[in-house]
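Undergrad: Numbers 333 to 840, taken from the numbering used here, label the letters of the sequence shown in order.
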Amino acid sequence: MSQNGKVRVLPEDRHNATLVANVHPGDYRNPEPAPRYNLVVIGAGTAGLVTAAGAAGLGAKVALIEKHLLGGDCLNVGCVPSKSIIRSSRVVGDFREAGKLGFRVPERVEADFPAVMERMRRIRAQISHHDSVARFSKIGVDIFLGGGRFTGPDTIEVDGKTLRFRKAVIATGARAVHPPVEGIEEAGYLTNETVFSLTERPRRLAVIGGGPIGCELAQAFRRLGSEVVLFHNASHILNREDADAAEIVQQTFLREEIRLILDAKLLRVTKTPGGKVIRYSAGGSEQEIAVDEILAGAGRAPNVEGLGLEKVGVEFDRKTGVKVDDTLRTTNPRIYAAGDICMSHKFTHAADAAARIVIQNALFMGKKKLSALTMPWCTYTDPEIAHVGMYERDAKAAGIEVETFTRKLEEVDRAIADGEEEGFVKVHVRKGTDQILGATIVARHAGEMINELTLAIVGKLGLGTIAGVIHSYPTQAEAIKLVGDAYNRTRLTPFVKKLLGGWLSWTR
Ligand SMILES: Cc1cc2nc3c(=O)[nH]c(=O)nc-3n(C[C@H](O)[C@H](O)[C@H](O)COP(=O)(O)OP(=O)(O)OC[C@H]3O[C@@H](n4cnc5c(N)ncnc54)[C@H](O)[C@@H]3O)c2cc1C
333 MSQNGKVRVL PEDRHNATLV ANVHPGDYRN PEPAPRYNLV VIGAGTAGLV TAAGAAGLGA
393 KVALIEKHLL GGDCLNVGCV PSKSIIRSSR VVGDFREAGK LGFRVPERVE ADFPAVMERM
453 RRIRAQISHH DSVARFSKIG VDIFLGGGRF TGPDTIEVDG KTLRFRKAVI ATGARAVHPP
513 VEGIEEAGYL TNETVFSLTE RPRRLAVIGG GPIGCELAQA FRRLGSEVVL FHNASHILNR
573 EDADAAEIVQ QTFLREEIRL ILDAKLLRVT KTPGGKVIRY SAGGSEQEIA VDEILAGAGR
633 APNVEGLGLE KVGVEFDRKT GVKVDDTLRT TNPRIYAAGD ICMSHKFTHA ADAAARIVIQ
693 NALFMGKKKL SALTMPWCTY TDPEIAHVGM YERDAKAAGI EVETFTRKLE EVDRAIADGE
753 EEGFVKVHVR KGTDQILGAT IVARHAGEMI NELTLAIVGK LGLGTIAGVI HSYPTQAEAI
813 KLVGDAYNRT RLTPFVKKLL GGWLSWTR
């Protein structure tokens with residue numbers, strides 16, 4: 333994407349021109365560094381931006397270094413573009429169901445792929461001013477465009493300039509793992525860094541990886557008209573989620589004719605006139621399939637290279653990233669880290685939350701802990717799977733006895749009216765109490781619904797309290813209240829029931 337020092341985002345249309353003008357303006361000149369900074373942050377993705385903005389807002393002198401595009405993965409090649417095309421692809425999902433909703437619809441709806449991608453670029457450009465060089469400069473952050481590297485115990489070099497710091501933060505994020513498959517480099521493949529530059533729909537697309545990124549994009553491209561084959565190295569897609577939740581999405585994929593090749597091992601890729609031929613083994617035999625494009629969506633590697641970490645005694649691992657303690661401090665007490673570079677939860681909201689911890693701990697001698705966070709997440713397939721807190725297996729491993737309450741969406745009026753009955757709300761409580769330990773939701777808007785349960789966990793509100801909260805009727809979130817009601821019914825022991833019966837017959 334970078335040529336002659338200037339950043340290019342393809343295709344070079346007016347939307348991407350706006351994006352680049354906001355997040356890596358070609359005519360920008362780095363400022364003269366201040367004599368010393370309270371905080372120098374390397375990497376201007378979510379973790380870096382939130383750290384820099386928060387610290388500057390509190391009066392700190394802050395420098396923020398970015399070698400590519402401010403906004404990092406989330407704005408440029410992650411959440412924003414993926415959710416934009418997922419939104420378009422949902423229209424195709426709706427069309428498929430439209431017959432059941434009383435419409436006469438054509439056999440096949442066809443997406444206008446270039447228009448879908450242009451819409452995505454327009455939205456990304458529109459949002460990009462939030463993360464712009466102009467906005468951050470205005471709030472007092474010194475922005476340096478270029479690669480940052482530690483050169484001494486309190487110095488970082490960028491673009492030939494030396495920045496002196498009291499504290500530093502590494503927020504350099506992660507990138508797609510390059511698939512270790514013979515011939516794939518020569519044949520060429522897409523990652524999240526290149527897939528959103530497509531302007532033509534690949535007729536046949538192979539997606540490597542049945543985790544959240546692979547599944548979201550596999551379904552989106554299938555709905556946008558590609559023939560999709562999804563390779564996964566386990567017996568089930570989304571296998572980190574509960575099997576009953578993942579199964580609903582897997583069945584949807586099969587219905588939508590996404591070809592799933594499970595327990596797969598990719599052996600070789602060969603470029604031929606008929607396409608990229610993937611040789612793989614699965615189910616005890618070796619087979620081949622030809623596709624036009626391959627999208628690598630399995631695994632993320634932390635950006636630890638070229639930072640001079642050895643020079644400043646910051647320990648790291650090439651797979652798990654920079655080593656931090658629970659306060660996000662690295663093995664050098666003056667240097668902290670936040671976001672995908674050091675955390676197993678690789679989400680934008682996790683990077684945001686970590687940045688807030690770093691500001692307090694690095695600048696104000698705080699002792700905020702990463703382990704104290706309650707972290708929800710969501711995979712934006714259709715339906716979505718959202719989760720917060722413990723899975724039943726986590727509770728078992730921790731020796732905690734749980735009781736589980738589940739309500740299927742087929743019991744919820746709004747889900748029935750919407751024709752979106754597939755899914756459930758499942759909540760685990762500590763046995764004998766209403767304390768919520770964790771929850772999984774499968775629903776079309778599970779990502780919205782999980783926030784209520786996250787609030788309950790953070791606010792220490794039990795399932796009994798949720799049962800007492802009036803939920804607007806009809807909403808799919810009522811499923812959460814129904815789970816609360818189910819919990820309340822367990823409090824109606826035979827003894828309590830007998831007492832109530834006695835009272836009622838006496839007052840009849
Ligand atoms: C396809 C996709 C979809 C996603 N969807 C979601 C979603 O829906 N919800 C969600 O919560 N998360 C999602 N994520 C994850 C989310 O994008 C990341 O968790 C988030 O961007 C992490 O932020 P970060 O600041 O840690 O790192 P990044 O966003 O990666 O930012 C790191 C920055 O550091 C810069 N950098 C690296 N090295 C240097 C250096 N030496 N000098 C200067 N700068 C440097 C990089 O250029 C980059 O801009 C998605 C990710 C992908 C790939």
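Where a beta carbon is used, it is the ideal one built from N, C-alpha and C, also for glycine.
How would you call R650, buried or exposed, if buried means at least 16 neighbouring beta carbons within 10 angstroms?
TA: Looking at its Cβ environment, which holds fewer than 16 other Cβ atoms inside 10 Å, R650 is exposed.
Undergrad: In whole angstroms, what is the alpha-carbon distance linking G389 and I691?
TA: C-alpha separation (whole angstroms): 11 Å.
Undergrad: Looking only at DSSP bridge pairs, what is E618 linked to?
TA: Looking at the DSSP assignment, E618 forms a beta bridge with S613.
Undergrad: Measure the alpha-carbon distance for I488 versus V656 and round it to whole angstroms.
TA: For I488 and V656, the distance between alpha carbons rounds to 20 Å.
Undergrad: How would you write the range of the beta strand (DSSP E) that E753 sits in, first residue to last?
TA: Per DSSP, E753 belongs to no beta strand (DSSP E) and is neither H nor E.
Undergrad: For H400, count the other beta carbons within 10 Å of its own beta carbon; 16 or more makes it buried, fewer makes it exposed. Which is it?
TA: So H400 counts as buried.
Undergrad: Is F679 a contact residue of ligand 1, with contact defined as CB to any heavy atom under 6 Å?
TA: Yes, Cβ of F679 sits closer than 6 Å to a heavy atom of ligand 1.
Undergrad: Take every Cβ of the region 800–810, pair it with every Cβ of the region 734–752, and state whether three or more of those distances are shorter than 8 Å.
TA: Counting Cβ pairs under 8 Å, three or more are found: they touch.
Undergrad: Measuring from the CB of D491, is there a heavy atom of ligand 1 at a distance below 6 Å?
TA: For ligand 1, not one heavy atom lies less than 6 Å from the Cβ of D491.
Undergrad: Hey, how far is the Cα of N362 from the Cα of L396?
TA: So the alpha carbons of these two residues sit roughly 11 Å apart.
Undergrad: Could you tell me the boundaries of the alpha helix (DSSP H) in which I417 lies?
TA: Where I417 is concerned, the enclosing alpha helix (DSSP H) stretches over 411–430.
Undergrad: Thinking C-beta only, is G779 closer than 7 Å to A718?
TA: Yes, the Cβ-Cβ distance between A718 and G779 is below 7 Å.
Undergrad: Starting from T765, trace the alpha helix (DSSP H) both ways and give me its first and last residue.
TA: Neither: T765 is in no alpha helix (DSSP H) and is coded neither H nor E.
Undergrad: May I ask whether a heavy atom of ligand 3 can be found less than 6 Å away from the beta carbon of T378?
TA: In terms of ligand content, the structure shown lacks ligand 3 and carries ligand 1 instead.
Undergrad: Quick one: what does DSSP say L793 is sitting in, helix, strand or coil?
TA: Here L793 sits in coil by DSSP.
Undergrad: For ligand 1, is there any heavy atom lying closer than 6 Å to the beta carbon of S414?
TA: True, at least one ligand heavy atom lies under 6 Å from that Cβ.
Undergrad: Three or more C-beta pairs closer than 8 Å, one from the region 664–684 and one from the region 490–506: is that the case here?
TA: Judged by Cβ distances under 8 Å, the region 664–684 makes contact with the region 490–506, as three or more pairs qualify.
Undergrad: Alpha carbon to alpha carbon, how far is V539 from K603? Give it in angstroms, no decimals.
TA: Taking the straight line from one Cα to the other gives about 16 Å.
Undergrad: When the distance is taken between beta carbons, is P708 closer than 7 Å to T772?
TA: No. Outside cutoff.
Undergrad: Is the distance from the Cβ of G751 to the Cβ of H760 below 7 Å?
TA: No, they are not a contact pair.
Undergrad: Given this structure, state the Cα-to-Cα distance separating G615 from K470, to the nearest angstrom.
TA: Taking the straight line from one Cα to the other gives about 58 Å.
Undergrad: Terminal residues of the continuous beta strand (DSSP E) containing K597?
TA: Element bounds for K597: 597–604.
Undergrad: Tell me the DSSP secondary structure of Q335 in three-state form.
TA: For Q335, the pLDDT reaches just 43, beneath the cut-off of 50, and the residue's location in the model is therefore unreliable, although a value from the coordinates is still provided. Here Q335 sits in strand by DSSP.
Undergrad: Roughly how many angstroms separate the alpha carbons of A622 and V339, rounded to a whole number?
TA: Between A622 and V339, the C-alpha separation is close to 34 Å.
Undergrad: Counting pairs of beta carbons, one from the region 505–525 and one from the region 626–642, are three or more of them closer than 8 Å?
TA: Flag = yes, the region 505–525 and the region 626–642 touch.
Undergrad: Is K338 near ligand 1, in the sense that its beta carbon is under 6 Å from a heavy atom of that ligand?
TA: Checking every heavy atom of ligand 1 against the Cβ of K338, none is found closer than 6 Å.
Undergrad: Rounded to the nearest angstrom, what separates V644 and V636 at their Cα positions?
TA: Each residue's Cα considered, the two are about 13 Å apart.
Undergrad: Going residue by residue through the region 430–471, where are the continuous alpha helix (DSSP H) segments of at least 4 residues, counting only ones entirely within it?
TA: The qualifying runs are 445–459, 465–470.
Undergrad: Look at the alpha carbon of T584 and the alpha carbon of I593, and state the distance between them as a whole number of angstroms.
TA: Rounded to the nearest angstrom, the two C-alpha atoms are 15 Å apart.
Undergrad: State the Cα-Cα distance for the pair D850 and V490, rounded to the nearest angstrom.
TA: Since the displayed the chain opens at 333 and closes at 840, residue 850 lies outside it and no answer follows.
Undergrad: Please return the same chain residues whose Cβ sits closer than 7 Å to the Cβ of R840, not counting the five positions on each side in sequence.
TA: Here the set comprises nothing.
Undergrad: Would a C-beta distance cut-off of 7 Å place V609 and G515 closer than the cut-off?
TA: No, Cβ-Cβ distance for V609 and G515 is not below 7 Å.
Undergrad: Starting from the Cα of S558, find the closest Cα among R533, T652, G386 and give me that residue.
TA: Answer by Cα proximity: R533.
Undergrad: Could you name each continuous beta strand (DSSP E) segment of 3 residues or more that falls completely within the region 557–597, going from the start of the chain to the end?
TA: The region 557–597 contains these whole beta strand (DSSP E) runs: 559–563, 591–593.
Undergrad: Using DSSP with H/G/I as helix, E/B as strand and the rest coil, what is T553?
TA: Before going further, note that residue 553 is Phe rather than Thr in the sequence given. Helix.
Undergrad: By DSSP, does C547 sit in helix, in strand, or in coil?
TA: C547: helix per DSSP, three-state reduction.
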